[in-house]
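**Student:**
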Amino acid sequence: MQSSYPARFERDMGCTEQEWLGWLPAAMGDVVWQREAGCLTAHVSIGQLRVTWQAVEPRAIALVRIPRLMVQFAFDGVADDERHRFMKRFDLYMQRGGG
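Taking my numbering as reference, the numbering of the sequence shown is continuous, increasing by one, and the terminal residue is 196.
1) Around the Cβ of residue 106, are there at least 16 other Cβ atoms within 10 angstroms (buried) or fewer (exposed)?
2) Buried or exposed: residue 118, going by 16 or more other Cβ atoms within 10 Å of its Cβ?
3) Can you grab the Cα-Cα spacing for the pair residue 158 / residue 174, in whole Å?
4) Among the candidates 161, 99 and 171, whose CA atom is the shortest distance from the CA of residue 148?
5) The beta strand (DSSP E) that contains residue 166, what's its start and end?
6) Where residue 167 and residue 152 are concerned, what is the direct C-alpha to C-alpha distance, given to the nearest angstrom?
7) In its own chain, which residues sit with a C-beta less than 7 angstroms from the C-beta of residue 202, not counting the 5 before and 5 after it?
8) Tell me whether the beta-carbon of residue 129 lies closer than 9 angstroms to the beta-carbon of residue 183.
9) Around the Cβ of residue 102, are there at least 16 other Cβ atoms within 10 angstroms (buried) or fewer (exposed)?
Structure (structure tokens):
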């Protein structure tokens with residue numbers, strides 16, 4: 098989790114589009130959003146968030162192949178504190194780890 102989030106940024110996510118789409122509803126929480134092919138638009142506070150994603154070449158580490166999505170976040174009219182609150186929740190729901 099970050100201490101602040103700029104209005105526009107990109108992430109390299111280690112997942113398939115199918116996995117991403119499965120995690121999205123919980124990560125988005127109670128904000129109103131709609132999805133089209135490869136993008137979503139959400140109402141965050143009094144502003145808007147547009148998220149776009151595209152599958153790219155898998156990351157190769159020796160014989161291991163990790164699927165990847167390039168995901169772009171673009172907030173418009175969302176205050177810094179609201180952006181941070183939304184992304185903090187989003188990141189917690191998208192976080193994956195092993196033990």
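Every residue, glycine too, gets a C-beta built ideally from N, C-alpha and C.
**Tutor:** Working from what's here:
1) By the 10 Å Cβ count, residue 106 comes out exposed.
2) Result: exposed.
3) The alpha-carbon atoms of residue 158 and residue 174 are separated by roughly 40 angstroms.
4) Nearest option by C-alpha distance: 171.
5) Here the beta strand (DSSP E) through residue 166 covers 161–173.
6) When rounded, the distance between both Cα atoms is 6 angstroms.
7) This structure cannot settle anything about residue 202, because the visible part of the chain is limited to 98 through 196.
8) No, the pair does not count as a contact, with Cβ atoms beyond the cut-off.
9) Buried, since its Cβ has 16 or more Cβ neighbours within 10 Å.
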